[in-house]
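Below is one structure, written out as structure tokens, with a few remarks after it.
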Amino acid sequence: MTVRIYLDLDKLHLVVRGLRHRARLARVPKAGDQVTMLCGLVDVVEYTIEAEKPVKTCWTCDLHYRRGLGFTIPPTHPGFKASEPSSRKRRYTSES
24 MTVRIYLDLD KLHLVVRGLR HRARLARVPK AGDQVTMLCG LVDVVEYTIE
74 AEKPVKTCWT CDLHYRRGLG FTIPPTHPGF KASEPSSRKR RYTSES
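Residues 24 to 119 in the numbering used here are what the sequence shown lists, from first letter to last.
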């Protein structure tokens with residue numbers, strides 16, 4: 024018998040420096056691939072056994088995610104208070 028594993032790409036949460044981000048993914052990224060989060064952050068995928076704790080939500084990603092699904096967003100959503108992402112892609116480095 025074969026074990027089938029189904030990964031819902033919409034449920035993958037990418038964690039960078041303690042913030043859980045969202046991205047539109049067409050496939051499961053490989054280690055070393057660059058991924059652009061909905062907030063504009065770009066970083067390289069790394070798989071690890073341990074999860075970062077504690078993890079907070081990137082509210083800008085959350086806001087873009089909800090808008091993309093057509094959800095009604097209350098005016099009190101924390102993503103409105105987050106700074107607007109610039110058009111340039113940001114990337115964390117070891118100096119950041």
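From the three backbone atoms N, C-alpha and C, an ideal C-beta is built for every residue, glycine too.
Using alpha carbons as the reference points, say which of Cys62, Leu32 and Tyr70 lies closest to leucine 48.
In the sequence shown, residue 48 corresponds to position 25, counting from 1. For the residues Cys62, Leu32 and Tyr70, the minimum Cα distance to leucine 48 belongs to Leu32.
Tell me the rounded alpha-carbon separation between glycine 41 and cysteine 81.
In the sequence shown, the residue the question calls residue 41 occupies position 18. In the sequence shown, the residue the question calls residue 81 occupies position 58. The alpha-carbon of glycine 41 is positioned some 9 angstroms away from that of cysteine 81.
With a threshold of 8 angstroms on Cβ separation, who are the neighbours of histidine 44 within its own chain once the five nearest residues in sequence on each side are excluded?
As a working note, residue 44 is residue 21 in the sequence shown. So the qualifying residues of the chain are His36, Leu37, Val38, Met60, Leu61, Cys62, Leu64, Cys81 and Cys84.
Quick one: measure Cβ to Cβ for tyrosine 70 and alanine 54, integer angstroms, because I've assumed they're closer than 8 angstroms.
As a first step, residue 70 must be located in the sequence shown, where it is residue number 47. As a first step, residue 54 must be located in the sequence shown, where it is residue number 31. Contact holds; Cβ gap of about 5 angstroms.
Provide the residue(s) that pair with aspartate 66 in DSSP beta bridges, ordered along the chain.
Taking the sequence shown and counting its residues from 1, the one referred to as residue 66 is at position 43. Paired residue(s): Val58.
So what does DSSP say about arginine 89, is it helix, strand or coil?
Working through the sequence shown from its first residue, we reach residue 89 at position 66. Taken through DSSP and simplified to helix, strand or coil, arginine 89 comes out as helix.
Using DSSP with H/G/I as helix, E/B as strand and the rest coil, what is threonine 83?
Counted from its first residue, the sequence shown places residue 83 at position 60. In the three-state reduction of the DSSP assignment, threonine 83 falls in the helix class.
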